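Taking it in order: structure first as structure tokens, then the write-up.
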Amino acid sequence: MSEIKRPNESLIVNTDQVMINDLNNYNTLFGGVLMKKLDNNATLSARRHSRVKECVTASTDSIDFLYPITQSDSVCVESFVSYTGSKSMEIFCKVIAEDMISGERRMAATAFLTFVALDEDKKPIKVPEISPETEEEKFLYESGKERAETRRIRRKHSKELTKMIQLEKPWEKGDVDYDDYVSGIK
1 MSEIKRPNES
11 LIVNTDQVMI
21 NDLNNYNTLF
31 GGVLMKKLDN
41 NATLSARRHS
51 RVKECVTAST
61 DSIDFLYPIT
71 QSDSVCVESF
81 VSYTGSKSME
91 IFCKVIAEDM
101 ISGERRMAAT
111 AFLTFVALDE
121 DKKPIKVPEI
131 SPETEEEKFL
141 YESGKERAET
151 RRIRRKHSKE
161 LTKMIQLEKP
171 WEKGDVDYDD
181 YVSGIK
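Okay, structure coming up:
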């Protein structure tokens with residue numbers, strides 16, 4: 001019989017302040033800084049759920065930036081396992097920005113990442129199933145199968161695409177003069 005866990009058993013909550021070096025030229029949080037925070041949180045949720053040393057990011061479905069995050073905000077990232085396959089875990093992440101002056105809280109971003117748990121030989125292993133409890137968890141779980149199918153189709157397309165993509169550098173193809181390529185003529 002396989003082990004079944006509740007999503008809140010994999011819950012990771014991490015809150016940080018926004019530092020000036022985290023800001024882009026619009027004085028909002030760099031998307032890449034937030035992506036790193038999401039991946040770090042999601043990794044811990046995956047490891048907490050599967051109780052293994054290593055979990056690897058298999059995909060990032062989407063990161064929907066809903067509201068800009070500024071230096072006066074704190075950034076709270078919450079993540080938990082929202083759906084599982086036999087060897088993969090979908091991690092839902094939500095980002096709550098809180099204005100530290102006014103106390104106003106807003107949903108700044110959401111994301112879905114998929115992880116695979118690995119054994120000592122770096123081979124994928126079976127992960128526990130989940131049993132959602134809250135309305136939020138149930139909604140995410142019930143729509144998880146559709147997202148998993150979308151990921152499967154997207155991955156198949158990506159594999160087909162890699163067969164068509166050339167690996168040569170443009171200046172190594174022989175039909176482009178490097179000096180023209182660099183200067184933007186061709």
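With UniProt numbering as the guide, the letters of the sequence shown map in order to residues 1 to 186. Glycine residues also receive a C-beta, built at the ideal position from the N, C-alpha and C atoms. Since the model is a prediction, treat every value here as computed from it, not as a measurement.
Item                                                                                                                       : Value
Residue 41 - containing alpha helix (DSSP H), residue span                                                                 : 31-50
Meets three-Cβ-pair contact criterion under 8 Å: the region 34-52 and the region 106-125                                   : yes
Boundaries of the alpha helix (DSSP H) in which residue 141 is found, first to last residue                                : 135-142
Nearest residue (CA-CA) to residue 24, options 69, 156, 164 and 157                                                        : 69
Neighbourhood of residue 5 by C-beta distance below 8 Å, restricted to the same chain and skipping five residues each side : 49, 81, 128, 129, 130 and 131
Proximity below 8 Å, CB of residue 75 to CB of residue 97                                                                  : yes
Cβ pair residue 59, residue 113 closer than 8 Å                                                                            : yes
Beta-bridge pairing of residue 89 - partner residues as DSSP gives them                                                    : 84 and 115
DSSP-derived helix/strand/coil call for residue 1                                                                          : Confidence at residue 1 is low in this model, with a pLDDT of 36, below 50, so its placement is unreliable and the value that follows should be read with caution. Correct three-state label for residue 1: coil.
CA nearest to the CA of residue 55, picked from 13, 16, 21 and 123                                                         : 123
Between the CA atoms of residue 103 and residue 9 - distance to the nearest angstrom                                       : 28 Å
Contact check, residue 148 vs residue 91, beta carbons under 8 Å                                                           : no
Close beta carbons around residue 73, own chain, < 7 Å, minus the five adjacent residues each side                         : 18, 97, 98, 99 and 100
When 28, 140 and 145 are compared against residue 85, the one with the closest alpha-carbon                                : 145
Other residues of its chain near residue 79: CB distance less than 6 Å, five sequence neighbours each side excluded        : 12, 41, 42, 45, 91 and 93
CA nearest to the CA of residue 29, picked from 39, 65 and 52                                                              : 65
Close Cβ partners of residue 22 (< 7 Å) along its chain, the five nearest in sequence each way excluded                    : 29, 30 and 33
Between the CA atoms of residue 125 and residue 119 - distance to the nearest angstrom                                     : 6 Å
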